[in-house]
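Chains as they are written, first to last, in this note's numbering: chain A, 1 to 188; chain B, 189 to 765.
Ideal Cβ placement from N, Cα and C applies to all residues, glycine included.
Quick caveat: nothing in here was measured; it's all calculated off a predicted structure.
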Amino acid sequence: MTKNIMIVGVGGQGTLLASRILGNTVIGEGYDVKLSEVHGMSQRGGSVVTYVKYGDKVYSPIIGQGEADIILAFEILEAYRAMPYLKKGGVIIANSQKIDPMPVITGAMKYPEDIENKISSKVDLVEVDALSLAEKAGNIKSVNVVLIGVMAKNTDIPYEKWVETIKKTVPEKFLDANLKAFDYGYNL
Amino acid sequence: MKKLMLGNAAVARGAYEAGVTVVASYPGTPSTEITENIVKYDEIYAEWSPNEKVAGEVAIGASIGGARAMSCMKHVGLNVMADPVFTASYTGVSGGLVLCVADDPGMHSSQNEQDSRHYAKAAKLLMLEPSDSSECKEFTKKAFKISEDFDTPVIIRLSTRVSHSQGLVDEKDRENYELKDYEKNSAKYVMMPGNAIKRHVVVEERTKKEIEFAETTDLNTTEINSDKIGVITSGISYMYAKEALGDRVSYLKLGMVYPLPEKLIKDFCEKHEKVYIIEELDPFIEEHCKALGLDVIGKEKFTMLGEYTPALIKKAIFDEDSNEFATIDEQIPIRPPVMCAGCPHRATFYVLKKLGLVVSGDIGCYTLGAAAPLASVDSTICMGASVSAALGMAKARGNEFNKKLVSVIGDSTFIHSGITGLIDIVYNKGNNTVIILDNSITGMTGHQDNPTTGFTIRKEPTKQVDLELLAKAVGIERVVVADPFDLKNFERIVKEETQADEPSVIIAQRPCALLKTVKYTGHCKIGPECKNCRMCMKLGCPAISVKDDKVVIDETQCNGCGLCINVCPFGAIHKED
Ligand SMILES: Cc1ncc(C[n+]2csc(CCOP(=O)(O)OP(=O)(O)O)c2C)c(N)n1
Ligand code: SF4
Chain A
1 MTKNIMIVGV
11 GGQGTLLASR
21 ILGNTVIGEG
31 YDVKLSEVHG
41 MSQRGGSVVT
51 YVKYGDKVYS
61 PIIGQGEADI
71 ILAFEILEAY
81 RAMPYLKKGG
91 VIIANSQKID
101 PMPVITGAMK
111 YPEDIENKIS
121 SKVDLVEVDA
131 LSLAEKAGNI
141 KSVNVVLIGV
151 MAKNTDIPYE
161 KWVETIKKTV
171 PEKFLDANLK
181 AFDYGYNL
Chain B
189 MKKLMLGNAA
199 VARGAYEAGV
209 TVVASYPGTP
219 STEITENIVK
229 YDEIYAEWSP
239 NEKVAGEVAI
249 GASIGGARAM
259 SCMKHVGLNV
269 MADPVFTASY
279 TGVSGGLVLC
289 VADDPGMHSS
299 QNEQDSRHYA
309 KAAKLLMLEP
319 SDSSECKEFT
329 KKAFKISEDF
339 DTPVIIRLST
349 RVSHSQGLVD
359 EKDRENYELK
369 DYEKNSAKYV
379 MMPGNAIKRH
389 VVVEERTKKE
399 IEFAETTDLN
409 TTEINSDKIG
419 VITSGISYMY
429 AKEALGDRVS
439 YLKLGMVYPL
449 PEKLIKDFCE
459 KHEKVYIIEE
469 LDPFIEEHCK
479 ALGLDVIGKE
489 KFTMLGEYTP
499 ALIKKAIFDE
509 DSNEFATIDE
519 QIPIRPPVMC
529 AGCPHRATFY
539 VLKKLGLVVS
549 GDIGCYTLGA
559 AAPLASVDST
569 ICMGASVSAA
579 LGMAKARGNE
589 FNKKLVSVIG
599 DSTFIHSGIT
609 GLIDIVYNKG
619 NNTVIILDNS
629 ITGMTGHQDN
639 PTTGFTIRKE
649 PTKQVDLELL
659 AKAVGIERVV
669 VADPFDLKNF
679 ERIVKEETQA
689 DEPSVIIAQR
699 PCALLKTVKY
709 TGHCKIGPEC
719 KNCRMCMKLG
729 CPAISVKDDK
739 VVIDETQCNG
749 CGLCINVCPF
759 GAIHKED
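Quick look at the structure:
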């Protein structure tokens with residue numbers, strides 16, 4: 001069986017790094033891995049979706065509706081948008097941060113209200129104030145690593161393996177804050 | 189050990205292992221990272237060329253010069269490179285020559301959804317199509333050998349999901365490829381009619397041999413699991429089919445998509461009651477099968493639009509639904525891409541919108557100037573068209589219309605193909621105003637250097653094209669350089685230049701906000717002087733929004749560029765550290 005993880009967020013939030021940390025941790029475990037990213041236009045503040053799949057043998061790099069075991073969302077509206085991709089029994093881990101998309105800024109549409117309840121009335125939702133935890137860890141840019149911490153707890157991959165990849169991926173001077181950020185997420 | 193690698197990085201690795209020494213490309217999503225990864229290998233000369241045609245010619249020259257060479261582009265890039273490519277098919281190669289072209293089904297970042305396989309057929313070039321990162325590396329390596337064996341350029345067709353997916357790749361050592369001796373051979377390389385007539389014969393003979401090769405090569409593989417249903421497929425569609433249908437069907441996976449085998453396909457069809465062709469975009473393999481008189485099912489079951497998914501394939505073949513899922517019971521706002529906070533283009537479009545001008549647009553980050561609230565771009569066709577199409581518009585509608593018309597074009601795009609349009613304006617007595625959005629980088633495709641930035645692909649300092657002198661040299665006398673963030677001055681200049689009875693160029697100079705050299709500091713904050721007039725909202729800055737009926741600036745998004753300070757009529761916006 002493959003495990004399907006979907007990472008969603010807003011361009012510029014660091015979802016790509018998160019998917020790479022995840023991907024590199026998983027290969028260390030001897031799995032076949034595929035990771036699908038979309039570059040280009042979507043970097044400019046648009047919705048960004050990356051897929052990470054691992055198992056004995058992975059064919060398609062993409063995840064369809066009703067197929068994700070975990071959805072890791074960096075922004076709550078993006079969590080909501082991705083909800084149809086969750087498998088029955090899966091979990092959405094979502095950062096509670098709200099970022100207005102352009103149709104909301106121009107007044108053409110409203111940011112949906114009460115998204116948390118709308119999601120949790122249908123599927124399992126773990127909501128995290130990753131921004132505050134990242135701040136507490138000493139670097140507000142480490143939101144992505146806080147969220148990886150929460151997700152790591154939801155996989156069978158041991159704690160040390162994650163720390164090992166983070167050490168390999170994150171530049172020396174940000175390492176302390178990022179390791180702390182990971183712990184905050186992991187121990188939530 | 190196996191490494192997790194982007195499809196594009198794997199292509200670069202394949203080229204490296206094949207002993208390639210020259211790579212020339214022009215960026216374009218989803219192909220850009222191939223050449224960016226080539227830079228990691230010191231043994232390879234790499235360049236960003238001014239456009240794809242030049243890039244292709246550099247690679248062709250390197251091949252004639254005896255080296256293994258490569259050029260990479262997005263699908264529409266092959267339109268630009270098409271001219272040399274069609275004739276390089278006649279000349280053939282000395283060192284192996286590989287052209288990588290990345291299609292974009294679903295148009296994640298493109299202006300059309302063209303299917304590059306038609307080029308292989310039209311130019312009579314052998315084409316390979318890998319399905320994942322591991323094949324990206326293997327096929328690229330093989331492509332160089334095939335190129336030399338058959339004396340032909342070889343095209344590798346990629347697509348967004350192959351280029352931008354990561355999968356496991358086994359790294360091997362670099363082959364020691366000896367530069368071939370240079371020998372003058374005008375009958376082969378001088379394509380004037382007398383020689384070309386003879387080379388065309390060679391091309392047709394070559395294609396016959398390539399078809400024989402297609403029948404037996406291990407690039408095409410068969411997997412028999414059933415005598416009921418067979419699937420013929422290639423590229424990423426194979427992966428989707430495999431996931432959706434598993435071993436309930438048989439597969440003929442075509443790693444070589446041009447020329448296509450005949451016997452192999454016929455035999456496969458004979459062994460199965462029903463055969464489906466699963467291919468994104470056009471019915472390329474399907475038409476080949478139907479021309480062979482085979483009864484296959486293709487586009488009557490599968491769309492020509494966008495990307496496929498395993499779920500779509502399962503539904504089409506077995507009429508089985510995919511997993512249940514939770515639905516969203518309301519319309520939610522989409523999140524389209526926007527210009528970054530601090531983007532220099534925002535200021536230009538703010539002024540153009542205010543003046544109510546018709547804007548002949550082009551391709552780059554500034555295409556986003558077409559979206560609300562700036563919504564000022566009127567047309568975007570292809571790279572360079574902003575300039576030449578505006579001349580056409582002005583010739584069609586006359587000089588009064590021209591006074592309300594401007595072209596906007598980025599620095600990279602101007603060098604790519606805007607300069608020829610500008611020459612046309614001068615030569616044919618146009619009065620157009622062209623605004624070059626000089627943000628000192630190729631932004632859209634992820635920040636590549638170009639001839640106007642003063643640096644090579646390896647970040648070595650080099651001569652910098654001076655846009656001002658260039659415009660003057662082709663005969664534009666009115667050339668103004670201005671900072672678009674100085675809104676009042678910029679507005680005055682645009683007014684003056686559009687009214688002038690002469691052609692003019694405005695170089696709107698301010699670097700892309702994401703460049704490391706750009707150091708905006710602090711954040712903007714709205715003070716008590718705010719009268720809620722919402723002028724600043726007209727900028728469409730992602731950091732400025734309305735919360736509880738008041739305008740607020742989101743600190744996590746603002747980079748302190750200060751453009752909104754210049755827009756606020758009440759001086760209510762201040763900079764904070
Ligand atoms: C023929 C062709 N080649 C490549 C591309 C991909 N592409 C789109 S915009 C662009 C360059 C944009 O750079 P620039 O004009 O400097 O504008 P910026 O994005 O920096 O604002 C490229 C390479 C394309 N659309 N068409
Ligand atoms: S990358 Fe640069 S040019 Fe492109 S939208 Fe962002 S700031 Fe503007």
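- A distance criterion of 8 Å places the beta-carbon of Asn638/B beyond contact range of ligand 2, judged by its closest non-hydrogen atom.
- Judged by DSSP in its simplified three-state form, Glu75/A adopts coil rather than helix or strand.
- Within chain B, the residues placing a beta-carbon under 9 Å from that of Gly45/A are Arg523, Pro524, Pro525, Val526, Met527, Cys528, Ala529, Pro730 and Gln745, ordered along the chain.
- Here DSSP, grouped into helix, strand and coil, assigns Asn587/B to helix.
- Of the heavy atoms belonging to ligand 1, at least one sits nearer than 8 Å to the Cβ of Lys262/B.
- Looking at the DSSP output, Phe174/A bridges to nothing.
- In the three-state scheme derived from DSSP, where H, G and I count as helix and E and B as strand, Val10/A is classed as strand.
- Annotation for Ser298/B indicates a beta carbon within 8 Å of some heavy atom of ligand 1.
- Excluding residues up to 5 positions away in sequence, Lys34, Leu35, Ser36, Tyr51 and Lys53 lie with their Cβ nearer than 8 Å to the Cβ of Pro61/A in the same chain.
- With respect to chain A, the C-beta atom of Ser510/B has a partner C-beta closer than 9 Å.
- Contact note: Thr106/A reaches chain B through Ala560, Pro561, Met725 and Gly728, using a C-beta cutoff of 8 Å and chain order.
- Distances taken from the Cβ of Phe506/B to the heavy atoms of ligand 1 include none shorter than 8 Å.
- Chain A has a Cβ within less than 9 Å of the Cβ of His352/B.
- The CB of Pro101/A comes closer than 8 Å to the CB of Pro521, Ile522, Arg523 and Pro524 in chain B, given here in chain order.
- Boundaries of the alpha helix (DSSP H) harbouring Ser321/B: Ser321 to Phe338, taken from the DSSP string.
- Rounded to whole angstroms, the separation of the alpha carbons of Gln636/B and Met269/B is 20 Å.
- Residues of the segment 537 to 559 of chain B with a C-beta less than 8 Å from any C-beta of chain A: Cys553, Leu556 and Ala559, listed in chain order.
- One finds Phe513 in chain B with Cβ atoms closer than 9 Å to the Cβ of Tyr85/A, taken in chain order.
- Contact check for Val693/B against Ile664/B passes: the beta carbons are separated by less than 9 Å.
- For Cys553/B, the distance from the CB to the nearest heavy atom of ligand 2 is below 8 Å.
- Counting of Cβ neighbours within 10 angstroms places Asn239/B among the buried residues, the total reaching 16 or more.
- As computed with DSSP, Asp626/B is found in a beta bridge with Gln697/B.
- Restricting attention to Asn408/B, Val342/B, Gln519/B and Pro293/B, the CA atom closest to the CA of Lys312/B is found in Val342/B.
- 9 Å or more divides the Cβ of Ile232/B from the Cβ of Cys288/B.
- The closest heavy atom of ligand 2 lies less than 8 Å from the beta carbon of Pro532/B.
- Residue pairing by DSSP places Ile522/B opposite no residue, since no beta bridge is assigned to it.
- Residue pairing by DSSP puts Ala68/A in a beta bridge opposite Leu86/A.
- Just so you know, the alpha carbons of Thr421/B and Lys441/B end up roughly 5 Å apart.
- Checking the 8 Å criterion, the Cβ of Asn196/B is out of range of every heavy atom belonging to ligand 1.
- Put simply, the backbone Cα of Ser351/B is about 4 Å away from that of Gly195/B.
- If you check the C-beta of His604/B against ligand 2, you find no heavy atom less than 8 Å away.
- Not flagged as an interface residue toward chain B: Met151/A, since no C-beta distance is shorter than 9 Å.
- Interface annotation for the segment 12 to 39 of chain A against chain B: Gly23, Asn24, Ile27, Asp32, Val33, Lys34, Leu35, Ser36, Glu37, Val38 and His39, criterion Cβ-Cβ distance under 7 Å.
- Judged by DSSP secondary structure, Asn408/B falls within the beta strand (DSSP E) whose first and last residues are Asn408 to Glu411.
- Secondary structure note for Tyr365/B: it is in no beta strand (DSSP E), with a DSSP letter that is neither H nor E.
- Annotation for Ile399/B: Pro447 place their beta carbon closer than 6 Å to its own, counting only its chain and skipping 5 residues before and after.
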